[in-house]
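Chains as they are written, first to last, in the numbering used here: chain R, 1 to 336; chain L, 337 to 672.
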DNA sequence: GTAATTATAGGAAACGTTTGCAAAGTTGTC
DNA sequence: GACAACTTTGCAAACGTTTCCTATAATTAC
């Protein structure tokens, strides 16, 4: 059995409340007593029980982070930022990967709430928070990162997706590519929808009509990008350029293009979104929209910390802060 | 305030022990009562407090996973396997990223232990477990993954690193490259050391002397691979081929080679280790040693589960199981 | 109809902490 | 040397559950 505070008390011949105070560096305990307690604690290999502590103190110094896909390098980058900022502030991050399953996302959020994390950072899969709503509903500080459910009241950090989509598309248009295709995700992805809006806007600005033939949807994974592009090529409906809603899509599409014996950008130019580390490899050189991932993570944690430390009461998010970061177009070989 | 079991009891006019039984589907509660409890629980949005539960039941259905670098795609792949297997068995995984800091690794392990996770999976940074020893010491089921401290008694899954290093080096030798350099990590990395042993063995087998001029050490990151290679080239000590101890190193080295105006493999051939997803991109085509990452994760969890469910007592790991997976050489363009 | 058995419910202890309050001990002041 | 002020300590309640034990109610057996 693990040693408890009472074991220390017994060995030191004092009450366990004193031990508790000594261990926690509370005011009002004799230095000699404290020293003794500390020594004994060390001797018997005492490790505080955070669970018991959390029960009474209501604070666990723990936050939950739920992401949809740990294998998409975008998220580890964001998580890294969160983790660093959290560590600096004495918080632990429990990272959970829902693997694009809404059920699992909901389940994880529930489980984290049950474990009484002090707050939650979520990069949600879809545009609604139905399931989460009842769980979170004003009870737990929440911050969304990278993507936020529509009409949420909670705080979030994201990038200006519309502008990002606009910049990417505009770049392709201005370089004379035509037609320009689009690969997005399923309808309820805010991220994808907003980037599509940017795509539309660019078309409008240059008075180009959108041809739905070149609009496709996938699931944010490389394989999906590959399959879509392959099909387009086989169907003879491949565009002259492609704006893919994330880098993994773009990478997949590029593989398909090359597998079909075509060149990038010679036959089809490609622009992605995120600027994951691979994109900048010399062999890859993917034109993309940079998201400040690490910084986004840091901001997310800072916002959450703020919510945890302030309010302590109302977490409906009525006064949620929204931080929108600027996207940046990074032109590389895949589009020039 | 969150609703508790007592609120339900009050509303239903029954004792809270009955509520507890009803909620947990225990035998011996009237179906009508149970139904009522469930209804009320739903009405007032009750969410069990896993902390309180964990305090008495000693089981948290939670495991901790500590990895050194979430940004190295190798680890997300492994984590994915663990996560999947855990989910299937009703366990939650708390993923913690130590970011190559031994202090943080130790701290995270400690924190997870304090939170009374049911078990721990660790991909340790170094070859010793000094810090962890006292924390874990027969108290908590532990499984190491991918790398294990030397002389550990605990269970682990890893790959046959020596053989992997051997295969990689042999491949380069047989293709006539010479001299063949090596980029490894600092001395206390078991992984790196073992792969180096494989490198040595291949040299022995072909009776080639090792020239230390071509042996360098870094920190497992891409940048480090870049810097090392760049320096080699500048110093005029660059080998004809390079075996890098992981893919990130290899990728970094390749960047440096190309930045210096040289070709891969024309001027310098490169072999990595891990087969992270990037390696197989057509533009990259990195020859490497495949590790079955996902499977490794699954096995790690299964071993841990076994330890959790069986023993329940002695976790010194005396009868630890060791699973060594077979590495596979994947030949791609970077070496032919 | 009574005793035995079973189904259901409640009471209370326990898990390992923190913390408010009161008691005891120490020091200082005059 | 007495009283105040302060320091140090202990006691006990509380946190939200689970679970053991006991009590009551309902059912069955005869």
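Quick reminder that beta carbons are idealized off the backbone N, C-alpha and C, glycines included. It should be emphasised that the depicted structure is a prediction, and the values quoted were computed from it without experimental measurement.
What's the gap between the Cα of residue i and the Cα of residue j?
i	j	result
residue 228 of chain R	residue 598 of chain L	35 Å
residue 126 of chain R	residue 45 of chain R	46 Å
residue 112 of chain R	residue 419 of chain L	15 Å
residue 531 of chain L	residue 581 of chain L	7 Å
residue 606 of chain L	residue 520 of chain L	14 Å
residue 106 of chain R	residue 96 of chain R	11 Å
residue 385 of chain L	residue 18 of chain R	28 Å
residue 124 of chain R	residue 476 of chain L	34 Å
residue 321 of chain R	residue 154 of chain R	7 Å
residue 505 of chain L	residue 624 of chain L	11 Å
residue 6 of chain R	residue 16 of chain R	5 Å
residue 369 of chain L	residue 390 of chain L	25 Å
residue 577 of chain L	residue 618 of chain L	21 Å
residue 36 of chain R	residue 42 of chain R	10 Å
residue 212 of chain R	residue 401 of chain L	45 Å
residue 404 of chain L	residue 425 of chain L	25 Å
residue 219 of chain R	residue 47 of chain R	45 Å
residue 279 of chain R	residue 272 of chain R	9 Å
residue 128 of chain R	residue 210 of chain R	28 Å
residue 511 of chain L	residue 594 of chain L	21 Å
residue 249 of chain R	residue 644 of chain L	40 Å
residue 339 of chain L	residue 58 of chain R	14 Å
residue 85 of chain R	residue 513 of chain L	46 Å
residue 193 of chain R	residue 239 of chain R	20 Å
So, using beta-carbon positions, are residue i and residue j closer together than 8 Å?
i	j	result
residue 612 of chain L	residue 670 of chain L	no
residue 292 of chain R	residue 160 of chain R	no
residue 542 of chain L	residue 509 of chain L	yes
residue 76 of chain R	residue 601 of chain L	no
residue 482 of chain L	residue 639 of chain L	no
residue 583 of chain L	residue 603 of chain L	no
residue 453 of chain L	residue 430 of chain L	yes
residue 144 of chain R	residue 122 of chain R	yes
residue 518 of chain L	residue 579 of chain L	yes
residue 163 of chain R	residue 119 of chain R	no
residue 630 of chain L	residue 364 of chain L	no
residue 324 of chain R	residue 158 of chain R	yes
residue 186 of chain R	residue 214 of chain R	no
residue 399 of chain L	residue 51 of chain R	no
Using a Cβ cut-off of 9 Å, pull out every chain L residue sitting near residue i, in sequence order please.
i	result
residue 97 of chain R	412, 415, 416, 419, 429 and 431
residue 210 of chain R	Correct list: empty, because the minimum Cβ distance to chain L is about 30 Å.
Does DSSP put residue i in a helix, a strand or coil?
i	result
residue 34 of chain R	helix
residue 455 of chain L	strand
residue 244 of chain R	strand
residue 508 of chain L	helix
residue 500 of chain L	helix
residue 486 of chain L	coil
residue 476 of chain L	coil
residue 667 of chain L	coil
residue 350 of chain L	coil
residue 20 of chain R	helix
residue 660 of chain L	strand
residue 596 of chain L	coil
residue 339 of chain L	coil
residue 125 of chain R	coil
Could you tell me which chain R residues have their CB closer than 9 Å to the CB of residue i, listed as they occur along the chain?
i	result
residue 450 of chain L	47, 48, 49, 50, 51 and 53
residue 395 of chain L	Correct list: empty, because the minimum Cβ distance to chain R is about 11 Å.
residue 631 of chain L	By Cβ distance, chain R contributes nothing, its closest Cβ being about 15 Å from residue 631 of chain L, past 9 Å.
How would you list, in chain order, the residues of chain L whose beta-carbon sits under 7 Å from the beta-carbon of residue i?
i	result
residue 283 of chain R	619 and 620
residue 278 of chain R	614
Starting from the beta carbon of residue i, find every residue of chain R whose beta carbon is closer than 7 Å, and list them in chain order.
i	result
residue 594 of chain L	282
residue 565 of chain L	Here the premise fails: no neighbours, minimum Cβ distance about 13 Å.
residue 406 of chain L	76, 79 and 80
At a threshold of 7 Å, does residue i count as lining the ligand GDP (C-beta to nearest heavy atom)?
i	result
residue 582 of chain L	This structure lacks the ligand GDP; in fact it carries no ligand of any kind.
In chain L, which residues lie with their C-beta within 8 Å of the C-beta of residue i?
i	result
residue 87 of chain R	440
Just to make sure I have the definition right: I need the residues of chain R whose C-beta is within less than 8 Å of the C-beta of residue i. Which are they?
i	result
residue 591 of chain L	281 and 282
Original post:
Which runs of the beta strand (DSSP E) spanning at least 3 residues fall entirely within the segment 262–318 of chain R, listed in chain order?
Top reply: Whole beta strand (DSSP E) segments, 3+ residues: 269–271 and 288–290.
Original post:
Which full runs of the beta strand (DSSP E) of 3+ residues lie inside the segment 515–586 of chain L, going along the chain?
Top reply: As far as the segment 515–586 of chain L is concerned, its whole beta strand (DSSP E) runs of at least 3 residues are 516–521, 551–554 and 577–580.
Original post:
Where are the alpha helix (DSSP H) runs, 4 residues long or more, that stay fully inside the segment 33–81 of chain R, in chain order?
Top reply: Counting only runs of 4 or more, we get 50–57.
Original post:
What are the start and end residues of each continuous beta strand (DSSP E) run of 3 or more residues lying completely inside the segment 421–453 of chain L, in chain order?
Top reply: Those beta strand (DSSP E) runs which fall completely within the segment 421–453 of chain L and span 3+ residues are 428–433.
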